[in-house]
Amino acid sequence: MIPFRLYADSHRRHFYASNAKSEWIKGVNPAVKEAKGNKLNRRDFLRAGVLGTAAFSISGLTRALPRQGTAAVIDVSFVAERVVKSMIDGTPIPVWQFRDPAGSGPGDLESGLLVEEGDTINITVQNDLDRPINFVVPGVFVGTPAVAAGSKRLYSFQAPAAGSYFYSDDVNGESARAMGLSGPLVVMPQGAPNQLYAGGPTFDRQYTLVLNELDDRLNDALDNGQPFDMAGFEPNYFFANGLSYPDTAADADTLVSMNQGEDIALRLINAGVITNPMHFHGYHVEVATRNRTPETVVVDKDTVLVDREECVDVILPVTQSGAFPLHTHFVPGVTANGVYVNPYGGALIVMTAV
């Protein structure tokens, strides 16, 4: 087999020229702890047993919905840190991440937020990186003050309109997302646990799929205090919820499990720095929103473009049983360091229906 990188790093650009611009939520039988009053701590989300479909889980985190229209106060602590992550082929690479000591996000992500419209979110960020960062939600909560290395800062904001978002750091520009410093934020409409937004499309269950990628040269450069020109960013590892295939197919948050006759909401969150044309085998989907803006004309599609920093919510009507792949049509996106999916690959997601 000839790897996509074609033996030498100098060949890398050929595969990225066209892309130079540069569930976690599941709706079935989760366990829920009831919050005391309207004050919710991150630990109030932890799974505790089995209840009905009025609630849903987020990779071990749960929220009981509806809450009778009462906004909550959500207190969360994140640690921004450097860790060494083992790629699917065993290569160790330094990355940055937001880690929630009290829980996790979908798949292999170390943090994630699920709230309702109107909730007050208080996030204390401990910065264990070697440089200043901040906490931002693009399009909603921006221009925030930085927290110095070795320090902590409280960030507070009100949950915006229902929809899919992500958080990151913009002190370090695109390189922060390229290093992995991001996570999903899902805002549910109050009292409507099976709608994308109030009066919007309904679903039977939902999954959050966070897309990102890394270029090991950037990670090594920043880890050694060296600059990196983002114009030369050419990723060689690709992830869905922090995982690469075949691990994506073994993770309950990332393996899309369905039943015939259901409508499945998929939240495609592009927290990376390249564009992903996501292709569905076996099904067509209806694009509901792009960055929370409803589509004026809903058309069935088997390929959905998800631009960088874009969140696209789609509804998948399950019309047949079987196992089908969901992947980017950006060919290197289903590889690992240039090697195709046999024996391992990139951000390839498996959808199964019975």
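Numbered according to the numbering used here, the sequence shown spans residues 6 to 359.
Every residue, glycine too, gets a C-beta built ideally from N, C-alpha and C.
Inset, instruction - Specify the secondary structure class of Gly237 as computed by DSSP and reduced to three states. - result: As a first step, residue 237 is located in the sequence shown; it is residue number 232 there, counting from the start. Three-state result, Gly237: helix.
Inset, instruction - Please classify Pro1: does DSSP put it in a helix, a strand, or coil? - result: The requested residue 1 is not part of the displayed model; the chain covers only 6 to 359.
Legend entry - Burial state of Leu159 (16 or more Cβ within 10 Å): Start at 1 with the first residue of the sequence shown, and residue 159 comes out as number 154. Result: exposed.
Legend entry - Extent of the continuous alpha helix (DSSP H) run through Asp268: Start at 1 with the first residue of the sequence shown, and residue 268 comes out as number 263. Careful: Asp268 lies outside any alpha helix (DSSP H), inside the beta strand (DSSP E) at 268 to 275.
Inset, instruction - Please state whether DSSP places Leu190 in a helix, a strand or coil. - result: Taking the sequence shown and counting its residues from 1, one reaches residue 190 at position 185. If DSSP states are grouped into helix, strand and coil, Leu190 belongs with the strands.
Inset, instruction - Return the CA-CA distance between Asp5 and Tyr288, expressed in angstroms with no decimal places. - result: Because the chain here runs from 6 to 359, residue 5 falls outside it and cannot be looked at.
Inset, instruction - Check Thr298 in the structure and name its three-state DSSP category. - result: Walking along the sequence shown from the start, residue 298 turns up at place 293. The answer is strand: DSSP assigns Thr298 an E or B state.
Inset, instruction - Go through its chain and collect everything with a Cβ distance to Pro232's Cβ below 8 Å, but skip five positions before and after it. - result: Residue 232 sits at position 227 when you count from the first residue of the sequence shown. Excluding sequence neighbours, Pro232 sits near Ala226.
Legend entry - Contact belief for Asp113 with Gly247 at Cβ below 8 Å, rounded distance in angstroms: If you number the sequence shown from 1, residue 113 lands on position 108. If you number the sequence shown from 1, residue 247 lands on position 242. Between Gly247 and Asp113 the Cβ distance is about 3 Å, and since that is below 8 Å, they are a contact.
Legend entry - Span separating the alpha-carbon of Arg313 from that of Lys157: The sequence position of residue 313 within the sequence shown is 308, counting from 1. The sequence position of residue 157 within the sequence shown is 152, counting from 1. Whole-angstrom Cα-Cα distance: 29 Å.
Legend entry - Residues that DSSP places opposite Leu248 in a beta bridge: Locating residue 248 in the sequence shown gives position 243, where the first residue counts as 1. Ala245, per the DSSP bridge assignment.
Legend entry - Runs of beta strand (DSSP E) wholly within the stretch 74 to 161 (minimum 3 residues, chain order): 78 to 91, 97 to 104, 118 to 121, 125 to 132
Inset, instruction - Return the residue from the list Asp135, Ile126, Ala154, Gly155 that minimises the CA-CA distance to Val141. - result: Taking the first residue of the sequence shown as position 1, residue 141 is located at position 136. Of the candidates Asp135, Ile126, Ala154, Gly155, the one whose C-alpha sits nearest the C-alpha of Val141 is Ile126.
Inset, instruction - Could you name the residues of the same chain whose beta carbon sits closer than 6 Å to that of Glu300, not counting the 5 residues immediately before and after it, in chain order? - result: Locating residue 300 in the sequence shown gives position 295, counting from the first residue. Excluding residues within five positions, the ones whose Cβ falls inside 6 Å are Val292.
Inset, instruction - State the Cα-Cα distance for the pair Ala85 and Thr324, rounded to the nearest angstrom. - result: Translated into the one-based positions of the sequence shown, residue 85 becomes position 80. Translated into the one-based positions of the sequence shown, residue 324 becomes position 319. So the alpha carbons of these two residues sit roughly 42 Å apart.
Legend entry - contact_flag[the stretch 169 to 188, the stretch 300 to 311] where n(CB pairs < 8 Å) is 3 or more: no
Inset, instruction - Determine contact between the stretch 247 to 261 and the stretch 279 to 286, defined as no fewer than three beta-carbon pairs at a distance below 8 Å. - result: no
Inset, instruction - Check Asn224 in the structure and name its three-state DSSP category. - result: If you number the sequence shown from 1, residue 224 lands on position 219. Of the three classes helix, strand and coil, the one that applies to Asn224 here is helix, per DSSP.
Inset, instruction - Could you work out which residue in Pro194, Phe208, Tyr212 is closest to Gly117 when comparing CA atoms only? - result: Counting from one through the sequence shown, the residue named residue 117 turns up at place 112. Cα-wise, what sits closest to Gly117 is Tyr212.
Legend entry - Per-residue DSSP class, three states only, for Gly178: Here residue 178 refers to the residue found at position 173 of the sequence shown. Coil at Gly178, not helix or strand.
Inset, instruction - Please report the residue range of the beta strand (DSSP E) in which Ile354 lies. - result: As a working mapping, residue 354 is identified with position 349 in the sequence shown. Note, Ile354: beta strand (DSSP E), 354 to 358.
Legend entry - Where Ala255 falls: helix, strand or coil (DSSP): As a position in the sequence shown, residue 255 is number 250, starting the count at 1. Looking at Ala255 - three-state DSSP - the assignment turns out to be helix.
Legend entry - Sequence-distant residues of its chain with Cβ nearer than 6 Å to Asn139 (five each side left out): By 1-based counting over the sequence shown, the position of residue 139 is 134. For Asn139, where only same-chain residues beyond five positions count, the Cβ hits under 6 Å are Thr149, Ala151, Asp174, Val176.
Inset, instruction - Name the two residues that bound the continuous beta strand (DSSP E) containing Asp318. - result: Stepping through the sequence shown from its first residue, residue 318 is reached at position 313. That run of the beta strand (DSSP E) goes 316 to 322.
Inset, instruction - Take Pro99 and list the residues in its own chain whose beta-carbon comes closer than 7 Å to its own, dropping the five residues that flank it on each side. - result: Here residue 99 refers to the residue found at position 94 when the sequence shown is read from its first residue. Answer for Pro99: Arg87, Val89, Asn224, Asp228, listed in chain order.
Legend entry - Reference Gln131; option with closest CA among Asp105, Gln195, Val339: Sequence index remark: in the sequence shown, residue 131 carries index 126 (1-based). Among Asp105, Gln195, Val339, the Cα nearest to that of Gln131 is on Asp105.
Inset, instruction - Could you give the DSSP three-state label for Gly287: helix, strand or coil? - result: Reading the sequence shown from its first residue, position 282 is the one you call residue 287. Coil, per DSSP.
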